[in-house]
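Residue numbers (our numbering), protein chains in the order written: chain A, 16 to 488; chain B, 2 to 477. Glycine included, every Cβ here is placed at the ideal spot set by N, Cα and C. This structure is a prediction, so every number in the text was calculated from the model and none was measured. What follows is one structure encoded as structure tokens, with my remarks underneath.
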């Protein structure tokens, strides 16, 4: 039995039965990392010795953390040069919650610099490769987490999702990725990209694991004013109910021209499967969908331009060595420390907030954001969940879109709306292309109703075989 | 040509909460640098602000005291600019919808009252503090995240003197409601001023300059006086005022250019996404309103009505809450409030000013002061002796009777003792005696002075005067 192929809930039950020790699981991950990490580059910071030491002391499951979530006294760099060597003096709330469960913190996963990207190509540590095809991207920005889980380097992992950064790489790597409702999981300790959109969420091998991990990390946090004081249900037991009579909307705006034929076919097939399981699927419309990408790139970059101002060379991270004055310190540090995409987004966001442009861009974007949210409010009066493809295409080639930001931005076209509306979404494997590339099915739900989307995803998954497939490495 | 001065003031007030506005760090003053800090007020990546409700309540208290309208929804904005004392490189502040708007503060100009309108009151976080050395700079973040309330006036202030009075009136209100130490030297109250000139009768405002770096109310007045003259000189020579920020140099007593409008920041304000807007509950406001102490203005009116004080006297006494409280405690013990007011505003305030003592540290129980006043009324001591006795009481903390007994300060009313002193004075000052007899009535003042001198101020003045006159006339 290859331990690295098992799910977290399978491993947990083996631990409970004492058929296994945490160190065995840790060793299986380390063996796998030794075998495949060189070709995948999913990890940003990993200390084998430390991981082993921890797994001896703790009786929980090992977990990998995206490189933008603070772990006290451990490298947390957002895969950016500007945070080179940065070790936060505190841990994120989600980390404290995991520690309470005796989780073994294994290390940090690679990501697009500051989560700016959909391909994990913008990392200071080089691109992560898709375990299903090493010439292709794993998606992003949580590409390291998705690839590590897919390749068996990690049992499960945390990612963060601002516009699709959990769901899209999960879809492209054939694993399960959940973006919780905005406010469901504390953002305290998540290095902000866009504060009104960011959420931490699980990337796992199956839906049950996703439910397990969400249960651990969710809940109100007095350190995060935007976290909601709403009880966290026991997802694992609730998702196993069937979906007979459940009303599911299929928005026509998510089946666009130019989308991959295999992706479309797989998703339509998945909808049939849901119907066969008793769900009532019906076409619907989310009319403002076409504005989502535009709104997102104004709101997200505006917030990012402000959130990233603090990387200035004063207190932590990189400070350029060639400086002559204070202004020089700011300029050179940021010039040397940020990559192209980070600079591009900071400039975009700064522009959108500038006096004279604020009303035309930022304010307008906020208004359209409200319209997008209203679309969902309307739809959820009629439906319990909405099903769409996670991405319009399967994983593309490394380098294929990196010099064409606009095309790159469109890879998040189906995932962005959920962040703008603050609603939860999950991506679950629903097939493969002719080239054997994974395809993801996205299920969107009402605010704080993760239970329903997990239930839809679980029922679908348990009646298909896709999630059992592993990449050949 | 004659010009009109237009001034608006921006006051930054540090609220006296126990912890900072967005984290739990202490707000104590004067600690070792960077000992009252945490990831939040250091702006570390991933940290998030959580509003200190107490700071908001204190802010609302100020707003109510300044008769402002309080916002129904509380929102925060980010003010973006780069500076090393600003750890996030943005300040959490309030821009579009401040905590409160449209209030006013009354100032007293001689016998007249003038209302200065308050444009807005908003809550924000303070920055750290920079210390510049020869070839490096150090930062102390203890102050970073301290709760600040910005109080902005309309340009209703027409002279540096009015600016001074506005600040005094504001400080008096703030001290009444106990929201801040209001200490300009320690930086718990800071003031920037906008000033412009326009030709008399003109409606449009002239080009303004912003003056910073004043560290006392007097400094504000002096800086504005200088700046008004400077602007007038420029205009009269046909020049134009540059819109700029100028720093007051207290050593030289001048304002110096700091940055011009072209160099001004575009702060790129936008709603703070880390703090969701929320309703400021009516019940909280009602509680704050209920707990509000009597403010200087209504107190003054009550003092005029209940104690028969003049507008001026009442104004002086209520300008400090503790002085007003002291006055009222004395008024319960002594029947003539006007006399209390005279002593309070005269010898007592003069003593406090000379020794730089605040009312709360004044070693003079109301019982002692009223006891002394009663001794004057009963004729036990003279008013003149009382002046010495007052100082003695404050310095020793002892009661008036004790001191009078021990030092033999009782008033001399018996005719024999007075007679001796009067005789001596007459024989020692023949010239003045002659003058008086020659019809120069004022000479008696001089002779009375001598009598007082001889009795060390203890002679009953009425009786001594009467006897002296008798004696002089008797000699005639």
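Coarse secondary structure for residue i, derived from DSSP in three states
i: residue 78/B; result: strand
i: residue 216/B; result: coil
i: residue 473/B; result: helix
i: residue 361/A; result: helix
i: residue 200/A; result: strand
i: residue 376/A; result: helix
i: residue 442/B; result: coil
i: residue 211/B; result: strand
i: residue 101/A; result: coil
i: residue 276/B; result: coil
i: residue 99/B; result: coil
i: residue 266/A; result: strand
i: residue 35/A; result: coil
i: residue 20/B; result: strand
i: residue 472/A; result: helix
Residue i - containing beta strand (DSSP E), residue span
i: residue 214/A; result: 214-219
i: residue 60/A; result: 58-61
i: residue 208/A; result: Counting along the chain, residue 208/A falls outside any beta strand (DSSP E), and DSSP gives it neither H nor E.
i: residue 443/A; result: 440-447
i: residue 193/A; result: 191-194
Cα-Cα separation, residue i to residue j
i: residue 178/A; j: residue 431/A; result: 4 Å
i: residue 354/B; j: residue 290/B; result: 34 Å
i: residue 53/A; j: residue 485/A; result: 18 Å
i: residue 207/A; j: residue 384/A; result: 20 Å
i: residue 375/B; j: residue 450/B; result: 25 Å
i: residue 107/B; j: residue 363/A; result: 48 Å
i: residue 402/A; j: residue 440/A; result: 9 Å
i: residue 261/B; j: residue 153/B; result: 21 Å
i: residue 273/B; j: residue 239/A; result: 13 Å
i: residue 227/A; j: residue 205/A; result: 20 Å
i: residue 126/B; j: residue 89/B; result: 11 Å
i: residue 189/A; j: residue 56/B; result: 50 Å
i: residue 370/A; j: residue 271/B; result: 11 Å
i: residue 333/A; j: residue 138/A; result: 16 Å
i: residue 44/A; j: residue 436/A; result: 37 Å
i: residue 163/A; j: residue 42/B; result: 35 Å
i: residue 429/A; j: residue 174/A; result: 18 Å
i: residue 258/A; j: residue 349/A; result: 51 Å
i: residue 471/B; j: residue 459/B; result: 20 Å
i: residue 196/B; j: residue 97/A; result: 43 Å
Terminal residues of the alpha helix (DSSP H) in which residue i lies
i: residue 148/B; result: That residue, residue 148/B, is in no alpha helix (DSSP H); its beta strand (DSSP E) goes 148-154.
i: residue 24/A; result: 23-31
i: residue 317/B; result: 312-319
i: residue 437/B; result: 431-438
i: residue 291/B; result: 283-291
i: residue 406/B; result: 401-408
i: residue 253/B; result: Here residue 253/B belongs to no alpha helix (DSSP H), and DSSP marks it neither H nor E.
Identity of the residues DSSP links to residue i by a beta bridge
i: residue 404/A; result: 456/A
i: residue 258/B; result: 247/B
i: residue 41/A; result: For residue 41/A, which the question treats as bridged, DSSP gives no partner whatsoever.
i: residue 193/B; result: 11/B
i: residue 412/A; result: 151/A
i: residue 200/B; result: 4/B
i: residue 413/B; result: 460/B
i: residue 285/A; result: None; residue 285/A has no bridge partner.
i: residue 271/B; result: 79/B
Entirely enclosed alpha helix (DSSP H) segments - the region 113-177 of chain A, minimum 4 residues: Along the length of the region 113-177 of chain A, whole alpha helix (DSSP H) runs at least 4 residues long occupy 158-166, reported in chain order.
For a minimum of 4 consecutive residues, which ranges assigned as the alpha helix (DSSP H) are wholly contained in the region 236-261 of chain A? 250-253
Unbroken stretches of the alpha helix (DSSP H), 4 residues or longer, contained in the region 288-368 of chain A: 307-322, 341-352, 355-368
In chain order, which beta strand (DSSP E) runs of at least 3 residues are fully inside the region 102-169 of chain B? 113-126, 130-133, 138-141, 148-154
My parser needs the alpha helix (DSSP H) runs of 4 or more residues fully inside the region 299-380 of chain B; what are they? 312-319, 322-334, 338-344, 350-356, 367-379
Hey, which unbroken runs of the beta strand (DSSP E) at 3 residues or more fall wholly within the region 48-89 of chain A? Entirely contained in the region 48-89 of chain A, the beta strand (DSSP E) runs reaching 3 residues are, in chain order, 58-61, 77-81.
Within the region 22-94 of chain B, note down every full beta strand (DSSP E) run reaching 3 residues or more, in order along the chain. 78-81, 91-94
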